[in-house]
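What follows is one structure encoded as structure tokens, with my remarks underneath.
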Amino acid sequence: MTEREAIPFDVVIVGAGPAGLAAAIKLKQLADASGVSLAIAVLEKSAEIGGHILSGAIIDPAALNALLPDWQARGAPLGLAVASDEFRILGAQRSVAIPSLLLPPQLANHGCYIASLGNLCRWLGEQAVAMGIDVFPGFAATEMLHDETGRVTGVATGDVGDSPGIELHARYTLIAEGARGSLAKGLIARFGLDQNSEPQHYGLGIKEVWEIPAAQHRAGHVEHHLGWPLRDDTGGGGFVYHAEGTQVVLGYVVHLNYSNPWLSPFDEMQRWKTHPRLRTLLAGGRRIAYGARAMTSGGLQSIPQLAFPGGALIGCSAGFMNVPRIKGSHNAMWSGIGTAEAVFAALTAGRSHDAIEDLRSTLLAGPIGADLRPARNAKPMLSKFGTRLGTLLSGIDLWANALIGRSPFGTLRHPAPDHTKLRLAQQSARIDYPAPDGKLTFDRLSSVFLANLQHDEGQPVHLRLRDPAVPVRSNLPLYAEPAQRYCPAGVYEIETGADGQPTLRINAANCVHCKACDIKDPAANIDWVPPQGGSGPNYAGM
Ligand SMILES: Cc1cc2nc3c(=O)[nH]c(=O)nc-3n(C[C@H](O)[C@H](O)[C@H](O)COP(=O)(O)OP(=O)(O)OC[C@H]3O[C@@H](n4cnc5c(N)ncnc54)[C@H](O)[C@@H]3O)c2cc1C
Ligand code: SF4
Numbered sequence: 035m036t037e038r039e040a041i042p043f044d045v046v047i048v049g050a051g052p053a054g055l056a057a058a059i060k061l062k063q064l065a066d067a068s069g070v071s072l073a074i075a076v077l078e079k080s081a082e083i084g085g086h087i088l089s090g091a092i093i094d095p096a097a098l099n100a101l102l103p104d105w106q107a108r109g110a111p112l113g114l115a116v117a118s119d120e121f122r123i124l125g126a127q128r129s130v131a132i133p134s135l136l137l138p139p140q141l142a143n144h145g146c147y148i149a150s151l152g153n154l155c156r157w158l159g160e161q162a163v164a165m166g167i168d169v170f171p172g173f174a175a176t177e178m179l180h181d182e183t184g185r186v187t188g189v190a191t192g193d194v195g196d197s198p199g200i201e202l203h204a205r206y207t208l209i210a211e212g213a214r215g216s217l218a219k220g221l222i223a224r225f226g227l228d229q230n231s232e233p234q235h236y237g238l239g240i241k242e243v244w245e246i247p248a249a250q251h252r253a254g255h256v257e258h259h260l261g262w263p264l265r266d267d268t269g270g271g272g273f274v275y276h277a278e279g280t281q282v283v284l285g286y287v288v289h290l291n292y293s294n295p296w297l298s299p300f301d302e303m304q305r306w307k308t309h310p311r312l313r314t315l316l317a318g319g320r321r322i323a324y325g326a327r328a329m330t331s332g333g334l335q336s337i338p339q340l341a342f343p344g345g346a347l348i349g350c351s352a353g354f355m356n357v358p359r360i361k362g363s364h365n366a367m368w369s370g371i372g373t374a375e376a377v378f379a380a381l382t383a384g385r386s387h388d389a390i391e392d393l394r395s396t397l398l399a400g401p402i403g404a405d406l407r408p409a410r411n412a413k414p415m416l417s418k419f420g421t422r423l424g425t426l427l428s429g430i431d432l433w434a435n436a437l438i439g440r441s442p443f444g445t446l447r448h449p450a451p452d453h454t455k456l457r458l459a460q461q462s463a464r465i466d467y468p469a470p471d472g473k474l475t476f477d478r479l480s481s482v483f484l485a486n487l488q489h490d491e492g493q494p495v496h497l498r499l500r501d502p503a504v505p506v507r508s509n510l511p512l513y514a515e516p517a518q519r520y521c522p523a524g525v526y527e528i529e530t531g532a533d534g535q536p537t538l539r540i541n542a543a544n545c546v547h548c549k550a551c552d553i554k555d556p557a558a559n560i561d562w563v564p565p566q567g568g569s570g571p572n573y574a575g576m
């Protein structure tokens, strides 16, 4: 293969989500305001900007207001303000709404917008391009580049067939890959960025978009659900956002520290839709989109060091999601903005390839810290005490923070990574999920069809098993190979050959890039790496 071409930039940003695009735009604004010329590149693995973004989304516009105060005049796709808000506890047949006076003020969605984060990123990408930033969709960064002392000097894109990838050299490289980034995972390990923080925790969010009859639609209405069908010892819940037109957005999140290997987040979501409240809402409707994505849920205690020599982690690659608010996009943007300011100061001081000192404490001293500090015990409480008691205690904690500015519980820990939490299959109750009816509930394959997948089957498998024997040798006898159930796209299947021996089949082309397998495999044996640029889902408006 011929040598890789190398292109020099001042700053290279991996990932065109809210964090990466906010960082690029802020850097360019600072450069333009001081008459400095900066070469900025943003790499994005999806074929189009926004094509791999999956979120709720109720968007808190605070960071966007700071970045582009005239976003309304520029036509940002945030047209629908939240009009009404309910928090419900579900039983199998009924549900009760928690009176809004009891809800901690941090959970209010007043002033937020129901939107597609993918569409917002498409629009942010257009703003970035118009400013002269080089945005490259369809290019996955697969490798960090280092100099002889180990400092990061840029990234390389993957080879495509016989064509070598490209090297993008940079004075600073920002990693904005979102939750469980593959380059971020390597950097955290290489530079020990998480040595002084708790492990990151995750939830798997599964989302469907429906068109429903106009009479059942209440534009701007928002509901969050806890309880059925999940057992009390499993964290998670559902959301229902009445979006523009007659669309309704349904999402179901299962925390990935669940312990029963028979659990299937995909099937829990299907079951949730059979609750009378959802059945009535969706009657006569039609599902038009499907996807899944992991979100970070460790909160403040799980934020690693952000800076490494030559760059920094931003957005959910570091993990700024606020769990009780189920919002992370505003903090992703704040981290992009704050990091851009620090990087710009370093660049104009003539520095390159060093670690931006105190970046973590600087960012946590601002709006991100103010948002995450009061919410820091929510996830550990759910994990320790279950959904009912954990939610009650977390509500008391949020109220205490709102009223007296501190927590009576101090700061709780959650030290065990999600993949260590599975019990043995034999010691766990089997879960029998009802068969899909093809109208309200569906199977994985017909669902994945709605994710608009593109994947060249000729490329190397991007789901790398560190030890290919582990799935059949240990995961199958110990945990009934849980990948068959936690993967929301049916990628992993155990097949029995003519000789009666089980083998693992990997349908890599079905992968929707949610990253659950990289997080939940009990042997931590799966490394998700980016497939060829442009592969994967092509979400429209997720
Ligand atoms: C189900 C669900 C519901 C949510 N609901 C809400 C909500 O209502 N409100 C809210 O504010 N937040 C919500 N969030 C959280 C929010 O989506 C995240 O906080 C936010 O998307 C993080 O932004 P980011 O830029 O860090 O990462 P992302 O949005 O994940 O963007 C990362 C981008 O980087 C690209 N990328 C990754 N790796 C590479 C690579 N190696 N090379 C090139 N490109 C790469 C990806 O394709 C992607 O486009 C939700 C999340 C989920 C999963
Ligand atoms: S293979 Fe892994 S990343 Fe892909 S959809 Fe399945 S669980 Fe998600």
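My numbering puts the first residue of the sequence shown at 35, with every later residue one more than the last.
The beta-carbon is built from N, C-alpha and C at its ideal position, and this holds for glycine as well.
Everything numeric in this text was worked out from a predicted model, so none of it was measured.
| Query | Result |
| --- | --- |
| Reference Ile-337, options Ala-323, Ala-328 and Gly-353, closest by Cα | Gly-353 |
| Check: Ala-110 C-beta below 6 Å from any heavy atom of ligand 1 | no |
| Cβ-heavy atom distance, Cys-350 to ligand 1, below 6 Å | yes |
| Length at least 4, wholly inside the region 57-123: the alpha helix (DSSP H) runs in chain order | 96-101 |
| Proximity of Ala-110 and Leu-151 at Cβ, strictly below 7 Å | no |
| C-alpha gap between Tyr-581 and Pro-263, whole angstroms | There is no way to answer for residue 581, as the model of the chain reaches only from 35 to 576. |
| Endpoints, alpha helix (DSSP H) assigned at Ala-318 | Strictly speaking, residue 318 in this sequence is Gly, with Ala absent from that position. Segment: none, Gly-318 is in no alpha helix (DSSP H) and carries neither H nor E. |
| The beta strand (DSSP E) enclosing Tyr-236, as first and last residue numbers | 236-245 |
| Cβ pair count under 8 Å reaching 3, the region 183-191 against the region 304-323 | no |
| Contact under 7 Å by Cβ, Leu-406 with Leu-340 | no |
| Same chain, Cβ closer than 6 Å to Ile-83, five either side skipped, listed in chain order | Ala-50, Cys-155, Arg-156, Gly-159 and Pro-171 |
| Near ligand 1: Ser-134 beta-carbon under 6 Å from a heavy atom | no |
| Asp-552 versus Ala-249: straight-line alpha-carbon distance, rounded | 42 Å |
| Proximity test, Ala-523 beta-carbon vs ligand 2 heavy atom, cut-off 6 Å | yes |
| N-terminal and C-terminal residue of the alpha helix (DSSP H) that Ile-222 is part of | 216-225 |
| Nearest neighbour of Ala-149, chosen from Val-189, Leu-141 and Gln-281 [CA to CA] | Gln-281 |
| Which of helix, strand or coil DSSP assigns to Phe-419 | helix |
| Residue environment, Gln-566, which counts as buried when at least 16 other CB atoms sit within 10 Å | buried |
| Within 7 Å, strictly: CB atoms of Thr-475 and Gly-344 | no |
| Selection from Gln-63, Glu-515 and Glu-211 that minimises the alpha carbon distance to Asn-294 | Glu-515 |
| Under the three-state DSSP convention, the category Ser-231 falls into | coil |
| Contact test: Arg-327 Cβ vs ligand 1 heavy atom, cutoff 6 Å | yes |
| Under the three-state DSSP convention, the category Asp-1 falls into | Shown here, the chain extends from 35 to 576; a query on residue 1 therefore has no answer. |
| Near ligand 1: Leu-569 beta-carbon under 6 Å from a heavy atom | Here the sequence assigns Ser to residue 569, which means Leu is not the residue at that position. For ligand 1, not one heavy atom lies less than 6 Å from the Cβ of Ser-569. |
| Neighbourhood of Asn-153 by C-beta, 7 Å cutoff - its chain only, sequence neighbours within 5 removed | Gly-84, Pro-111 and Gly-575 |
| Spatial neighbours of Val-546 in its chain, beta-carbon cut-off 6 Å, leaving aside the 5 residues before and after | Gly-325, Ala-326, Ala-485, Ala-523 and Pro-571 |
| Through-space distance from Lys-62 to Arg-38, alpha-carbon basis | 28 Å |
| Boundaries of the alpha helix (DSSP H) in which Pro-299 is found, first to last residue | 299-306 |
| For Gly-188, three-class secondary structure by DSSP | strand |
| Simplified DSSP state of Met-178, which is helix, strand or coil | strand |
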